[in-house]
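Novice:
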Amino acid sequence: MINNLYLIACIGKNNELGANNDLIWKFSNDMKFFKEKTINNTVIMGRKTYESIGGILPKRENIIITRNKETDIDNALMFNDYESVIKYINNNPNKIFYIIGGSSIYKYFLPFCKKLYLTEVNANYEANVYFPKFNKKDYKENILHDYYEDNTSYKIVEYIRK
Ligand SMILES: NC(=O)c1ccc[n+]([C@@H]2O[C@H](COP(=O)([O-])OP(=O)(O)OC[C@H]3O[C@@H](n4cnc5c(N)ncnc54)[C@H](OP(=O)(O)O)[C@@H]3O)[C@@H](O)[C@H]2O)c1
18 MINNLYLIAC IGKNNELGAN NDLIWKFSND MKFFKEKTIN NTVIMGRKTY ESIGGILPKR
78 ENIIITRNKE TDIDNALMFN DYESVIKYIN NNPNKIFYII GGSSIYKYFL PFCKKLYLTE
138 VNANYEANVY FPKFNKKDYK ENILHDYYED NTSYKIVEYI RK
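Last residue of the sequence shown: 179 in my numbering, with the numbers rising by one and none dropped.
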């Protein structure tokens, strides 16, 4: 486990993450929470999540993972494999890193993460990407917020690896 590595995601009842390379839900309180957590820290994302956001996230160090060594994005750090990202995190113990998706990136990094911030939406959706299953028993669970927006309830839960 890496103490300065966290993960943040918004998921449906069946772990739905996204559809058509876009988010499923865009709740203002959730977006605000995401911004508060990640601002002034480092965000780590897959190339498709970067495309889906449509640019780098301001006021944050952006790490983008791609297999294509030619891809170069202004004001972002490019990595071509997971191991070199882990090395970079370990070399920067004073920074906080947030894994921000998508599915394969979450799956690989989840076991290394000290904290997970999951926005759990009380709804289902026709998705094509899913968040990985994980064992909640390995974590201490704190419900941080309960919200109701767009006729949908959701809660923001912090999971801290025991
Ligand atoms: N609900 C949420 O919280 C949330 C968060 C983030 C994203 N999303 C959604 O998730 C979807 C995008 O996620 P996704 O899973 O399709 O894609 P993704 O994980 O964002 O990006 C996949 C890309 O990452 C690169 N990659 C993956 N594994 C790699 C490895 N081992 N080494 C090097 N590069 C690697 C590859 O880029 P190249 O093809 O360039 O090589 C791959 O095509 C969208 O719908 C988005 O809206 C939802």
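Just so you know, even glycine gets a beta-carbon here, dropped at the ideal spot from N, CA and C.
If we ignore side chains and look at the alpha-carbon of each, how far apart do residue 178 and residue 18 end up?
Specialist: Cα-Cα distance, rounded: 9 Å.
Novice: Using only CA atoms, which one of 23, 104, 92 and 27 lies nearest to residue 173?
Specialist: Of 23, 104, 92 and 27, the residue nearest in Cα terms is 27.
Novice: Which residues share a DSSP beta bridge with residue 96?
Specialist: 82, per the DSSP bridge assignment.
Novice: Note down the Cα distance separating residue 140 from residue 88, rounded to an integer number of angstroms.
Specialist: Going from the Cα of residue 140 to the Cα of residue 88 covers about 36 Å.
Novice: Please work out which residues of its chain come closer than 8 Å, Cβ to Cβ, to residue 164, disregarding the five sequence neighbours upstream and downstream, and give them in chain order.
Specialist: Closer than 8 Å at the Cβ level, and outside the excluded window around residue 164, lie 44, 46, 47, 170, 171, 172 and 173.
Novice: If I follow the unbroken beta strand (DSSP E) through residue 62, where does it start and stop?
Specialist: Note, residue 62: beta strand (DSSP E), 59-63.
Novice: Looking at residue 133 and residue 24, is the spacing between their C-beta atoms short of 7 Å?
Specialist: Contact flag set, yes.
Novice: Are there 16 or more other CB atoms within 10 angstroms of the CB of residue 71, so buried, or fewer, so exposed?
Specialist: So residue 71 counts as exposed.
Novice: Within a Cβ cutoff of 8 Å, which residues of the same chain sit near residue 77, ignoring the five residues on either side of it in sequence?
Specialist: Cβ within range, chain order: 55, 56, 57, 58, 59 and 60.
Novice: Would a C-beta distance cut-off of 7 Å place residue 32 and residue 142 closer than the cut-off?
Specialist: Taking 7 Å as the Cβ cut-off, residue 32 and residue 142 do not qualify as a contacting pair.
Novice: Roughly how many angstroms separate the alpha carbons of residue 116 and residue 52, rounded to a whole number?
Specialist: Roughly 13 Å separates the two Cα atoms.
Novice: Checking the sheet assignment: what are the DSSP bridge partners for residue 148?
Specialist: Paired residue(s): none; residue 148 is not in a bridge.
Novice: Where does the unbroken alpha helix (DSSP H) through residue 122 begin, and where does it stop?
Specialist: 120-126 is the span of the alpha helix (DSSP H), which, as asked, contains residue 122.
Novice: Less than 7 Å between the beta carbons of residue 66 and residue 119, yes or no?
Specialist: Taking 7 Å as the Cβ cut-off, residue 66 and residue 119 qualify as a contacting pair.
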